[in-house]
Each structure stands twice: as C-alpha cells, then as structure tokens.
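Worksheet: the structure to be examined is printed underneath.
Residue numbers (the working numbering): 29 to 112.
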C-alpha cells in the first residue's frame with residue numbers, strides 16, 4: 029500500500045499572510061547567519077588551538093584553521109543567502 033503524498037495544493041492564502049510568512053523567514057535567516065559565520069571561525073580556531081597545544085606549534089595552526097573556518101563560514105553564509 030503506497031503512502032499518500034503530502035503535496036496537496038494549499039488553499040488560497042491571502043497576500044498579507046504570504047507577506048507575513050516571507051517576513052518571518054527573512055527574520056529567521058537574519059538571526060541565524062551571524063551564528064553560523066562566527067561558529068565556523070570559533071570551531072576552526074579551537075581545532076587549531078588544540079592541535080597547536082598537542083604539536084607545540086603555537087600559533088601557526090590556530091591561524092591556519094581560523095582562516096579555514098572564516099572561508100567556510102563565508103561560503104556557507106553566501107550559500108544560504110543565495111538559496112534565500
């Protein structure tokens with residue numbers, strides 16, 4: 029027995045409701061993007077910090093992994109903005 033599809037057409041939605049939904053989605057994205065960007069930098073820097081402590085190469089790997097985290101955060105932020 030096949031499962032029923034959830035792709036049923038939505039009933040007519042008013043333009044005000046569509047605008048409110050669009051605003052809430054944009055607001056959620058605006059709140060999410062800074063955390064993603066900063067989180068990537070912090071995680072990259074933390075990985076570099078612990079590798080530096082383990083390999084006694086301070087601060088080389090922290091800088092390298094921080095830059096990699098910056099690039100990853102920028103890439104992910106731009107990807108999410110393009111997806112919109």
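Note that beta-carbon positions come from the ideal geometry of N, C-alpha and C, so glycine has one too.
Everything numeric in this text was worked out from a predicted model, so none of it was measured.
Note down the Cα distance separating residue i from residue j, rounded to an integer number of angstroms.
i: residue 91; j: residue 66; result: 15 Å
i: residue 98; j: residue 54; result: 23 Å
i: residue 115; j: residue 71; result: With the chain covering only 29 through 112, there is no way to say anything about residue 115.
i: residue 96; j: residue 49; result: 35 Å
i: residue 110; j: residue 100; result: 15 Å
i: residue 47; j: residue 80; result: 50 Å
Is residue i near residue j, with beta carbons less than 9 Å apart?
i: residue 112; j: residue 94; result: no
i: residue 59; j: residue 108; result: no
Leaving aside the five residues before and after residue i along the sequence, list all residues of the same chain whose C-beta is less than 7 Å from its C-beta, in chain order.
i: residue 105; result: 61, 64 and 65
i: residue 78; result: none
For residue i, count the other beta carbons within 10 Å of its own beta carbon; 16 or more makes it buried, fewer makes it exposed. Which is it?
i: residue 89; result: buried
Counting only runs of 4+ residues fully inside the stretch 46-89, write out the alpha helix (DSSP H) ranges in chain order. Those alpha helix (DSSP H) runs which fall completely within the stretch 46-89 and span 4+ residues do not exist here.
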